[in-house]
Amino acid sequence: MARITASVYTSHVPAIGAAMDLGKTQEDYWKPLFAGYDFSKQWMKDNKPDVIFLVYNDHATAFSLDLIPTFAIGTAAQYQPADEGWGPRPVPVVQGQPELASHIAQSVIQQDFDLTIVNKMDVDHGLTVPLSLMCGEQHPQTGAWPCPVIPFAVNVVQYPVPSGRRCFQLGQAIRRAVESFDEDLNVHIWGTGGMSHQLQGARAGLINREWDNAWLDQLINDPAGCADTPHIDYVREAGSEGIELVMWLIARGAMADVAGGPAPKVAHRFYHVPASNTAVGHLILEN
Amino acid sequence: MALDKPYQDVPGTIIFDAEQSRKGYWLNQFCMSLMKAENRERFKANERAYLDEWAMTEEQKQAVLARDLNWCMRTGGNIYFLAKIGATDGKSFQQMAGSMTGMTEEEYRAMMISGGRSAEGNRYIGEDGDAQAHRQPQGKAGQAKKD
């Protein structure tokens, strides 16, 4: 059967992608940030998954105000990197995993989560920046991501976004769905976005190092308690865009300890300020 | 019964909820059109004429022409949509976010490098943090106002 062996958490700041695409990773501003992912790139090689279930949000790219799905699962064979207004990122096409994605969609909907199924969409920096951080630079034509990816988009643009508790429960349903798939696949689940940041108004640039790190501690040690964090706490303490962190709770909910298994091993933890407007957090948890 | 909106007492912050989204529908859809290179060219060639093709309010059009992102947001704009205008103008997210504070680009960048804006005094309207209404604009612009 398929199984979730690890979860990865990382911010997905667009400027990080631009720094990689423009060869700026060794500049003084960026060096400490990328150093925090050296371990992760090696870890990806040593723990290569068969599939990545990648939770992210679309930033008014594939979804305009025409259609705002709260949870959308990609069941396509492939996804093109999107032109977000600056031209598409020069990274490889993302290969999908339609069989497992369709299986998860059916199973999770039967567990009372009303997913939107997407067979055609482009993927923006929310999905491609985490891949770049974890896998390093890849040539758009001759390079490739290490395995197929199932994109899972969460609405965190128009309020209200789903609650942390709902996301945490959804993660549990995704774990059950993966474990009911017959093929023997090693699956990683990634939660992306955050940490503290605000991109708007007189309060733009808000960063809350203490709150972020306390939240990380709780995510690791008391995920159910962390999932009870109300929306307003994210807005007040971590900035209006810090609310993206609810997506990390989907990945955390899919870990074995939530279903009565042993506590995960913290393989890596990293925190850095700033990347453009944002506090960058990163965790790798192994089952 | 009215909806609970606890996020309305956070200073310097407009949460893009269903009400803002309804107000800003055409403004945001105009922004979305700038995802296509040919539309970016047409907009740049004659901004006013391009804006007049959309069912936006006059105030929304003025806010776009002025590139006043705070004003755009008050009329229902969302930052991820408004970012398409910034991309058309060749601006980064940091330049766009900084422009909403009154700080110069250098001042805002320096604030971020030194750890960002503190949450202290900026959690509730009525405190005394740097994002509060009575302390705008920030940076040198704010200094000039006091002198």
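The listed protein sequences correspond, in order, to chains A and B. Quick note: the first sequence uses our numbering, first residue 1, plus one each step. Quick note: the second sequence uses our numbering, first residue 1, plus one each step. The beta-carbon is built from N, C-alpha and C at its ideal position, and this holds for glycine as well.
* Asked: Closest to C31(B) by CA distance: which of I52(A), D21(A), L65(A) is it?
  -> L65(A)
* Proximity winner among Q20(B), A87(B), A49(B), relative to A37(B) (alpha-carbon distances) -> A87(B)
* Asked: DSSP three-state call for W145(A): helix, strand or coil?
  -> coil
* Asked: By the criterion of Cβ-Cβ separation under 8 Å, what are the contact partners of Y80(B) in chain A?
  -> H59, A60, V157
* Could you work out which residues of chain B lie near L219(A), taking near to mean beta carbons separated by less than 9 Å? => Those within 9 Å of L219(A) in chain B number zero; the least Cβ separation is about 19 Å.
* Got a sec: is the Cβ-Cβ distance from F204(A) to anything in chain B below 8 Å? -> Residue identity differs from the one stated: residue 204(A) is Ala in this sequence, not Phe. With 8 Å as the cut-off, A204(A) counts as an interface residue toward chain B.
* Pull up the CB-CB distance for I68(A) and Q158(A), whole angstroms please, since I reckon it's below 8 Å. => 5 Å
* When DSSP builds the beta bridges, which residues end up paired with W190(A)? -> V8(A), L54(A)
* Between the segment 40 to 53 of chain A and the segment 16 to 32 of chain A, are three or more C-beta pairs nearer than 8 Å? -> no
* Using the Cα positions of L70(B) and L22(A), report the straight-line distance between them to the nearest angstrom. => Position check: residue 70(B) holds Asn in this sequence, whereas Leu was assumed. If I take the Cα positions, the gap works out to 30 Å.
* C-beta atoms of F270(A) and A173(A) nearer than 8 Å -> no
* Helix or strand or just coil, what does DSSP make of Q158(A)? -> coil
* Coarse secondary structure for D112(A), derived from DSSP in three states -> coil
* Asked: Given a limit of 7 Å on CB to CB distance, which residues of the segment 32 to 45 of chain B reach chain A?
  -> M32, L34, M35
* Around the Cβ of V266(A), are there at least 16 other Cβ atoms within 10 angstroms (buried) or fewer (exposed)? -> exposed
* Asked: If Y37(A) and H188(A) are in contact, beta carbons under 8 Å, what's the gap, nearest whole angstrom?
  -> The pair is not a contact, with the Cβ atoms about 15 Å apart (cut-off 8 Å).
* Asked: If we ignore side chains and look at the alpha-carbon of each, how far apart do P230(A) and R252(A) end up?
  -> 17 Å
* Sort out for me which residues DSSP pairs R3(A) with in a bridge. => N186(A)
* **Member of T192(A), C226(A), L216(A), M255(A) whose CA lies at the smallest distance from the CA of E241(A)** => T192(A)
* Interface flag, E244(A) vs chain B, CB-CB below 8 Å -> no
* Where does G260(A) fall in DSSP's three states? -> coil
* Can you name the residues of chain B whose CB is closer than 8 Å to the CB of W86(A)? -> A87
* Assign S276(A) to buried or exposed, taking buried as 16 or more other Cβ atoms, counted over all protein chains shown, within 10 Å of its Cβ. => buried
* Beta carbon of A288(A) nearer than 8 Å to that of F81(B) -> Limits of chain A in this structure are 1 at one end and 287 at the other, which puts residue 288(A) out of reach.
* Would you give the residue range spanned by the beta strand (DSSP E) that E286(A) belongs to? => 278 to 286
* Kindly indicate which three-state DSSP category A76(A) falls into: helix, strand or coil? => coil
* **When E210(A), N221(A), P148(A) are compared against P264(A), the one with the closest alpha-carbon** => N221(A)
* Asked: Just curious, the alpha helix (DSSP H) that R123(B) is in, first and last residue?
  -> That residue, R123(B), is in no alpha helix (DSSP H); it is neither H nor E in DSSP.
* Is G115(B) closer than 8 Å to Q136(B) when the C-beta atoms are compared? -> no
* is_contact[D83(A), chain B] using C-beta, thresh 8 Å -> yes
* Should H125(A) go down as buried or exposed, given a rule of 16 or more other Cβ atoms within 10 Å for buried? -> buried
* To do: Go ahead and label R48(B) buried or exposed: buried means 16 or more other beta carbons lie within 10 angstroms of its beta carbon, across all protein chains shown.
  => exposed
* **Interface flag, R48(B) vs chain A, CB-CB below 8 Å** => no
* To do: Give every residue of the same chain whose Cβ lies closer than 6 Å to the Cβ of Y56(A), excluding the five residues on either side of it in the sequence, and list them in chain order.
  => G126, L127, T192
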